[in-house]
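Student:
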Amino acid sequence: MGKRLKITQRYSALVAGACCLLGLLPVRAEPLMPLLAAASTAPAAVARPAARAPRAARAEEVTLNFVNADIESVVRAVGQFLKKDILVDPRVKGTVTIVTDQPVGRDEAWRQLLAALRFQGFTVVDSAGFSKVVPEADAKFLGGPTIIGGSQPAGDQLVTQIFRLNHESANALLPMVRPLVSANNPVSANPSNNTLVITDYAENLRRIARIIAAVDLPAGGDPEVVSLQYALAVDLAGVVARLLDPVAGANVDPGQRVIVMAEPRTNALLLRAASPARLAYARSLIARLDLPTSTAGNIHVVQLKNANAAQLAQTLRAVLSGDLSQTSPGGQGGGAQGLGGIPGTLGAAARAASASQGNAANPLGQSNAGTSGLAAGALGAAANPFSSGTVSGAGAVQADVATNSLIITAPEPVYRNLRAIIELLDARRAQVFVESLIVEVTADKAAEFGIQWQDLSGAGRGGSQLIGGTNFGGAGRNIINASANLGTLGNGLNIGVVRGTITLPGIGTVTNLGFLARALEADANANILSTPNLLTLDNEEAQIVVGQNVPFITGQYAQTGTTATVTPFQTIERRDVGLTLRVRPQVSQGGTVKLQIYQEVSSVQDNTIAAGVITNKRSIESSVLVDDGQIIVLGGLVQDSVTDTRDKVPGLGDLPLIGGLFRYDTRKRSKTNLMVFLRPYVLRTAADSNSILPDRYEAMRREEIGRQLPSSVLLPDLPGPVLPALLPAVPPAVPPVTPAAPAR
Numbered sequence: 064m065g066k067r068l069k070i071t072q073r074y075s076a077l078v079a080g081a082c083c084l085l086g087l088l089p090v091r092a093e094p095l096m097p098l099l100a101a102a103s104t105a106p107a108a109v110a111r112p113a114a115r116a117p118r119a120a121r122a123e124e125v126t127l128n129f130v131n132a133d134i135e136s137v138v139r140a141v142g143q144f145l146k147k148d149i150l151v152d153p154r155v156k157g158t159v160t161i162v163t164d165q166p167v168g169r170d171e172a173w174r175q176l177l178a179a180l181r182f183q184g185f186t187v188v189d190s191a192g193f194s195k196v197v198p199e200a201d202a203k204f205l206g207g208p209t210i211i212g213g214s215q216p217a218g219d220q221l222v223t224q225i226f227r228l229n230h231e232s233a234n235a236l237l238p239m240v241r242p243l244v245s246a247n248n249p250v251s252a253n254p255s256n257n258t259l260v261i262t263d264y265a266e267n268l269r270r271i272a273r274i275i276a277a278v279d280l281p282a283g284g285d286p287e288v289v290s291l292q293y294a295l296a297v298d299l300a301g302v303v304a305r306l307l308d309p310v311a312g313a314n315v316d317p318g319q320r321v322i323v324m325a326e327p328r329t330n331a332l333l334l335r336a337a338s339p340a341r342l343a344y345a346r347s348l349i350a351r352l353d354l355p356t357s358t359a360g361n362i363h364v365v366q367l368k369n370a371n372a373a374q375l376a377q378t379l380r381a382v383l384s385g386d387l388s389q390t391s392p393g394g395q396g397g398g399a400q401g402l403g404g405i406p407g408t409l410g411a412a413a414r415a416a417s418a419s420q421g422n423a424a425n426p427l428g429q430s431n432a433g434t435s436g437l438a439a440g441a442l443g444a445a446a447n448p449f450s451s452g453t454v455s456g457a458g459a460v461q462a463d464v465a466t467n468s469l470i471i472t473a474p475e476p477v478y479r480n481l482r483a484i485i486e487l488l489d490a491r492r493a494q495v496f497v498e499s500l501i502v503e504v505t506a507d508k509a510a511e512f513g514i515q516w517q518d519l520s521g522a523g524r525g526g527s528q529l530i531g532g533t534n535f536g537g538a539g540r541n542i543i544n545a546s547a548n549l550g551t552l553g554n555g556l557n558i559g560v561v562r563g564t565i566t567l568p569g570i571g572t573v574t575n576l577g578f579l580a581r582a583l584e585a586d587a588n589a590n591i592l593s594t595p596n597l598l599t600l601d602n603e604e605a606q607i608v609v610g611q612n613v614p615f616i617t618g619q620y621a622q623t624g625t626t627a628t629v630t631p632f633q634t635i636e637r638r639d640v641g642l643t644l645r646v647r648p649q650v651s652q653g654g655t656v657k658l659q660i661y662q663e664v665s666s667v668q669d670n671t672i673a674a675g676v677i678t679n680k681r682s683i684e685s686s687v688l689v690d691d692g693q694i695i696v697l698g699g700l701v702q703d704s705v706t707d708t709r710d711k712v713p714g715l716g717d718l719p720l721i722g723g724l725f726r727y728d729t730r731k732r733s734k735t736n737l738m739v740f741l742r743p744y745v746l747r748t749a750a751d752s753n754s755i756l757p758d759r760y761e762a763m764r765r766e767e768i769g770r771q772l773p774s775s776v777l778l779p780d781l782p783g784p785v786l787p788a789l790l791p792a793v794p795p796a797v798p799p800v801t802p803a804a805p806a807r
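Mapping of the sequence shown onto the working numbering: position 345 corresponds to residue 408, and the numbering continues sequentially without gaps.
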């Protein structure tokens, strides 16, 4: 019974083929054990009996021995042993090797098959009650189990799992997970619910799940509040931030970054860091800096970052001095009422400071209101060494324009509240780039035709003679002016019949023009596009003027007196004629911009009139609300006028055929379309400004390059000015070059 069956080379092929056809047989305790083989070229497999194992358990175990066996035959044999229906895709071709030294059960045999197929680029997908062996690249389209949380399967089965992230962003985690999954399997992120969907082998998904669990943690610890006892939070926040991050804007490792923010209301610092060591270092640094000042006094210097020191000083003086208007002189109660008018915590601090000064001036607690008032006034005057500052019990504020700083003389409670106000007002103001488009399209068409005649031959004869003719139109068109001077005829076709000259009594010698025919057709079109642009601070007015400064006569005076020489005198006022744009923007918190606009387009029409210059003017003055980056229409003009004039001789001008000899027709049509558009851009940061500057700069540079003078054979080349290429705002840092060692 314990002897093994030795199979000679002669019967090995026959036994192997029979095993493939009959499938895997259970292991029994007989001397002749079932043999497993994959193909006729594979060596025989001998199943070993399980020693001291129950007979039922040994019946469910087999020894696998497939060497370079056909995949389809192996899958069919294992399927019969596992009692599973397995379909093989026609594209699945090749051989596989599965060898086990000890008998294995059904689950282990299935895992061995999955692992062997994975090595060949194939996998098994369970669907509709049976399994399918398909190429790995197509497995994701054919179904398979989907896991949403819960337990995870193991092995080499293809599974789709959905990972719900709690802290990390799915898009940020996607580049880290993608290399861990095979190229044939997909990984996708859904930002709407912050999930990752991964299709891969179950064993690899277990590893990815452990990685995601270790990475999906809060970016940093909870914010920590550090209360300050002596220092001001707004002052200390900048110092600590520069010490922890000495290079502003540098690419610091996020794990080592410490975020420091000031909370003026409670005079505390807010700290947040991913590294506990960096957080502990920041706490120790703040503890060493939060010490009482070594110098006595109540004079403080505050350097401003954005606001104007002179303007902010006036605002702070108004806050302090506005309460003194209600103070009754020489009375402690009156002083308390005046300081009580200061709003919020500033009023409480001023009242406390005034009370402390009053107690110091009256240590015996006397109730003499006049003495207390005089003492408080003396303390206020002593605390104000600046003549231009505002004197009060609360303090004084002086501006240093050279360094854009504020010098504040006030007790510590008042200074703390003033410092909180300064921090809110000393903020970077937004800028507004206003782009305006003025489009004007005009079309003027005119036509005239007329015939005039006259007979002056009888003017030089004696006796009664008959002269006459027709005369139509104004100067430059009628036959009378043409007879006196042919150069006065206007543009167009002029045809006449002249019979020498003739002398008229009282007029002189003129051309004897007996017939004049005029024909004219004029067509004038204009397309004007103006794009004035302005960049200004929030709530600051800006103006741009493009045009001419034209003189206008406002008065004349001539004095003769007793002398023969006349002394003329004129008064002239110069005005801008052209394009004018004035804008005052006001940016709201939501990004809406309120614009106060005045836009004017003017031009000189005629300057030959002695009374003065005639100008054309179109202007718009309005206040509008517009969203950031949106285009609005401020206003427009659509004008269409038609003029038809006919001068004729009554009766004769209405005749059907010969009526044209007795009339003069003039027609004119003028059409004007004018539209004004506007678009504001809110620029809150330097990056917003850089997004608008390059394209406009390059547009002007291309315009200048296109206006260069062409080359000439006879004339020298004179290149015009061209704007230089726009350089980047911050040049990239160039690493130092280490000289190479000389070659031996």
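We put the beta carbon where it would ideally sit given N, CA and C, even for glycine.
By a C-beta neighbour count over all protein chains shown, 10 Å radius and 16 as the cutoff for buried, is residue 691 buried or exposed?
Tutor: The residue in question, residue 691, is buried, as its Cβ has 16 or more Cβ neighbours within 10 Å.
Student: Going straight from the alpha carbon of residue 249 to that of residue 222, what length do you get?
Tutor: Computed Cα separation, rounded: 11 Å.
Student: Out of 155, 727, 554, which one is the CA nearest neighbour of residue 715?
Tutor: Here the closest residue by C-alpha is 727.
Student: Flag this pair as touching only if the segment 740-747 and the segment 543-550 have three or more C-beta atom pairs under 8 Å; answer yes or no.
Tutor: Counting Cβ pairs under 8 Å, fewer than three are found: no touch.
Student: Since residue 321 and residue 336 are thought to touch, with beta carbons under 8 Å apart, how far apart are those beta carbons, to the nearest angstrom?
Tutor: Confirmed, Cβ separation roughly 4 Å.
Student: How should residue 471 be labelled, buried or exposed, when 16 other C-beta atoms within 10 angstroms of its C-beta is the threshold for buried?
Tutor: Buried is the call here.
Student: Using only alpha-carbon positions, find the residue among 667, 658, 564 that is nearest to residue 47.
Tutor: Outside the shown range of the chain (64 to 807) lies residue 47, about which nothing can therefore be said.
Student: Are the CB atoms of residue 600 and residue 495 within a distance shorter than 9 Å?
Tutor: Yes, the Cβ-Cβ distance between residue 495 and residue 600 is below 9 Å.
Student: Residue 151 and residue 176 - do their beta-carbons sit closer together than 9 Å?
Tutor: Against a cut-off of 9 Å, the Cβ pair of residue 151 and residue 176 comes out as no contact.
Student: Determine the direct distance from the alpha carbon of residue 382 to that of residue 453, and round the result to whole angstroms.
Tutor: Because residue 453 sits at a pLDDT of 43, beneath the cut-off of 50, its placement in the model cannot be relied upon, and the following sentence gives the value as read from the coordinates. Distance between the alpha carbons of residue 453 and residue 382 is about 10 Å.
Student: So residue 333 packs on residue 299, CB below 8 Å; how close in whole Å?
Tutor: With a Cβ gap of about 12 Å, residue 333 and residue 299 do not count as contacting.
Student: Taking residue 562 as the reference, give the member of 167, 266, 519 with the closest Cα.
Tutor: Ranking 167, 266, 519 by Cα distance to residue 562 puts 519 first.
Student: So which of 205, 224, 220, 201 has the shortest CA-CA distance to residue 211?
Tutor: Nearest option by C-alpha distance: 224.
Student: Determine the direct distance from the alpha carbon of residue 763 to that of residue 536, and round the result to whole angstroms.
Tutor: One C-alpha to the other measures close to 50 Å.
Student: Just to confirm the assignment, what range does the alpha helix (DSSP H) spanning residue 480 have?
Tutor: 475-488 is the extent of the alpha helix (DSSP H) around residue 480.
Student: Looking only at its own chain, which residues have a Cβ that is under 6 Å from the Cβ of residue 604, when we skip the five neighbours before and after it?
Tutor: 647, listed in sequence order.
Student: Enumerate, from N- to C-terminal direction, the unbroken beta strand (DSSP E) stretches of 3 or more residues contained entirely within the segment 682-766.
Tutor: Listed in chain order, they are 695-711, 726-746.
Student: Assuming the contact rule is C-beta atoms closer than 8 Å, residue 281 and residue 230 should be a hit. Round their C-beta distance to whole Å, please.
Tutor: The Cβ separation is near 5 Å, so the contact holds.
Student: I'd like to know whether the C-beta atoms of residue 516 and residue 539 end up nearer to each other than 9 Å.
Tutor: Contact: no.
Student: Look at residue 614 and residue 696 and say whether their C-beta atoms are less than 9 Å apart.
Tutor: Not closer than 9 Å, so no.
Student: Please classify residue 530: is it buried, with 16 or more other beta-carbons within 10 angstroms of its beta-carbon, or exposed?
Tutor: Classification of residue 530: exposed, given that the 10 Å Cβ count is below 16.
Student: Taking only the alpha-carbon atoms, compute the straight-line gap between residue 253 and residue 279 and give it to the nearest angstrom.
Tutor: Taking the straight line from one Cα to the other gives about 16 Å.
Student: With hydrogens ignored, establish whether the beta-carbon of residue 710 is closer than 8 Å to any heavy atom of the ligand MN.
Tutor: Ligands displayed in this structure: none; no statement on the ligand MN is therefore possible.
Student: Of the choices 232, 748, 173, 134, whose alpha-carbon is the least far from that of residue 492?
Tutor: Minimum Cα distance to residue 492 is reached at 748.
Student: Is residue 596 helix, strand or coil by DSSP?
Tutor: Residue 596: strand per DSSP, three-state reduction.
Student: Specify, as a first and last residue, the run of the beta strand (DSSP E) that residue 503 falls within.
Tutor: First-last of the beta strand (DSSP E) with residue 503: 494-518.
Student: Use the C-beta contact count for residue 638: other C-beta atoms within 10 angstroms, 16 or more gives buried, fewer gives exposed.
Tutor: Exposed.
Student: On the DSSP letters alone, give me the boundaries of the beta strand (DSSP E) that residue 557 sits inside.
Tutor: Note, residue 557: beta strand (DSSP E), 556-567.
Student: Which residues in the same chain have their Cβ closer than 6 Å to the Cβ of residue 558, if we skip the five residues on either side of it in sequence?
Tutor: Once the five neighbours on either side are set aside, the close Cβ partners of residue 558 are 580.
Student: Can you look up residue 676 in the DSSP assignment and give me helix, strand or coil?
Tutor: Coil at residue 676, not helix or strand.
Student: My guess is that residue 709 and residue 508 are in contact by the Cβ rule of under 8 Å, so how many angstroms apart are they, rounded?
Tutor: That belief does not hold up - the Cβ atoms of residue 709 and residue 508 are roughly 17 Å apart, past 8 Å.
Student: Here's the rule: buried if 16 or more other CB atoms are within 10 angstroms of the residue's CB, otherwise exposed. What is residue 501?
Tutor: Residue 501 is buried by the Cβ-count criterion.
Student: Using alpha carbons as the reference points, say which of 226, 188, 227 lies closest to residue 208.
Tutor: Answer by Cα proximity: 188.
Student: May I ask which residues mark the beginning and end of the alpha helix (DSSP H) holding residue 326?
Tutor: That residue, residue 326, is in no alpha helix (DSSP H); its beta strand (DSSP E) goes 321-326.
Student: Measure the Cβ-Cβ separation of residue 649 and residue 632 and say whether it is below 9 Å.
Tutor: Result no, Cβ atoms of residue 649 and residue 632 do not sit closer than 9 Å.
Student: Would you list the residues sitting across from residue 382 in a DSSP beta bridge?
Tutor: DSSP, once it has assigned bridges, lists no residue as partnering residue 382.
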